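Down below is the structure, laid out as structure tokens.
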Amino acid sequence: MAQKSPTRKSAPDTAWLTGLRGIAALIVAFTHFFEGELNAGFRGYFADPPESNRYIFQLPLIRIVFSGQGMVVIFFVISAYSISVKPLRMRDNELREEFFDYLCSSTFRRGFRLYTPAFAMEAVSRMAMTLGLYNWESIDSQSRSVWKAITSQASYMLGALNPLVPPKVEPMNQQLWTIPLEFFGSCIVFLTILCTSSLRPWSRPLVTTVMGLLGLWNSSWLLFTYMCGLTICEVRTLMDRRGNSIPKLEKDSSRCSGISFVNGGLLLFGLYLLGLPEQPESNPFSGEYLWLRGMAGYESKIDDIDKLWDIAQLWRSLGGALCVFAISNSSTLQAPFTTAAAQYLGKISFGLYLVHIMVYQMWRDPILRFFGRKDRTSPAAAQWISWSGSGLIFTPVVLWAADFLTRTIDRHSIRFSRWVEKCL
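Mapping to full-length UniProt numbering: the sequence shown position 144 is 144, numbers consecutive.
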């Protein structure tokens, strides 16, 4: 019987990445659904004042469902891992020509792959605004001039193409701030893979680890997350080549129990770090996280919210790296992310990430009012009915919109990038 090719055999090994990406995108969509309203979900359990907090959903681990910023670092670690798998296998199989061709092609097409759907989504949003389809306070005050929409779109696109400087015109879909960073991080990963390709196998993860630690030391959580993703992929690839695959390690019961214990601990601690509070106006280091600020070398009297947010994001980045590393080492931890539901969410994850805010800003508040909620002072019963009813409506609507965007704009952006590369 003919043996299966390495590519086909290894494909399921990375399926969990797709599922994890889908769950992360779902959590981001969930957190934005409550934007500006359920602020308690974005504060810590021991945040002040006590009478406005101490809810069970504010506890560490539980409040991971409100960790939108934590999911961003998960995206970045996963992105680095997923784009590294194929070139690392080509490199290790000594397919030198294919390896260099793939790196060149992937680097060139990466920008089209990320920016084309994002720019299209932003154009659709500005068109909807000029037609008066938005029902969002911060957008209702903006000009509905067609010319203003065109110039703003052009200015945003030109600014976003430079990942080193924030664009002068903010996107209507505020989650798009991550797109230039993801492009920049991807380029760093491709360049690092190229520059380390001639090194000894054991030294490659060592080099990428040092680069990641330098990013952490210099408060560059972007460099840290992308180097962590690449390092995890390098380690996993190295272990597989030496015959220490996950199934083989898990068959050894004496080693499996210890590995499972360590992986479980890393995952729980990573989730704890990812759950750092995210309320913009408040201190992210509430009582249950205060010790982390001390470890970072900052005194408790520092009240600079921007500085505190940067520190918190570094801790979240470490949490994201620990979670991905733990999951990569355990088929048991990977199992929830290889289910049909998680895989579907993973396939539409980019579309879900792009489209959900526009849907909310167009229809969330009118739907809440339809179910009886007038404002934040409405009775608790009216609040629960309104949010629950709205959630039941928006879940299928947002998933359908994400699926449609994936089948149209997202997939066509892949073909478009290949067409441009071929033409040039």
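Ideal Cβ placement from N, Cα and C applies to all residues, glycine included. Note that this is a predicted model, so its numbers are computed, not measured.
ask   = Apart from the five residues on each side of it in sequence, which residues of its chain come closer than 7 Å, Cβ to Cβ, to R316?
value = Q69, G70, V73, L273, L274 and L276
inquiry  = Within the continuous alpha helix (DSSP H) that includes G44, where are the two ends?
reply    = Counting along the chain, G44 falls outside any alpha helix (DSSP H), and DSSP gives it neither H nor E.
inquiry  = Counting beta carbon pairs with one atom in the segment 107–122 and one in the segment 132–149, are three or more of them shorter than 8 Å?
reply    = no
Residue environment, K168, which counts as buried when at least 16 other CB atoms sit within 10 Å = exposed
message = By the DSSP assignment, the alpha helix (DSSP H) with residue 438 in it spans what residues?
response = Only positions 1 to 424 of the chain appear in the structure, and residue 438 is not among them; the question remains open.
message = Excluding the 5 residues flanking T225 on each side, which residues of the same chain have their C-beta closer than 6 Å to its C-beta?
response = V73, F76, V77 and S317
ask   = Can you check whether the CB of R21 is closer than 8 Å to the CB of S349?
value = yes
message = To the nearest angstrom, how far is the alpha carbon of I23 from that of A123?
response = 27 Å
Sequence ranges, beta strand (DSSP E) only - wholly within the segment 152–236, length at least 3 = none
ask   = Quick one: what's got a C-beta closer than 7 Å to A326's C-beta in the same chain, skipping five residues either side?
value = N263, L266, L267, G270 and L333
message = Tell me the DSSP secondary structure of N39 in three-state form.
response = helix
Cβ-based neighbour list, E31, same chain, cut-off 6 Å, excluding 5 preceding and 5 following = In the sequence as presented, Glu is not what sits at residue 31; that position holds Thr. So the list reads F66 and G68, once near-sequence residues are dropped.
request  = Could you tell me the distance, in whole angstroms, from the CA atom of C423 to the CA atom of F100?
outcome  = 20 Å
message = If I measure Cβ to Cβ from L61 and keep anything under 8 Å in the same chain, skipping five residues before and after, which residues do I get?
response = L268, L271, Y272 and G275
query = Of all the beta strand (DSSP E) runs that stay within the bounds of the segment 11–90, which reach a length of 3 or more residues?
reply = none
inquiry  = In chain order, what are the residue ranges of uninterrupted beta strand (DSSP E) at least 3 long that sit wholly in the segment 346–415?
reply    = none
inquiry  = Between the segment 379–396 and the segment 338–349, can you find at least three pairs of beta-carbon atoms closer than 8 Å?
reply    = no
request  = Closer than 7 Å by C-beta to L17: which residues in its own chain qualify, once you throw out the five before and the five after it? Chain order, please.
outcome  = I78, Y81 and S82
query = So E137 is in the alpha helix (DSSP H); what residue range does that whole segment cover?
reply = E137 to D140
task = Measure the Cβ-Cβ separation of G372 and S388 and say whether it is below 8 Å.
result = no
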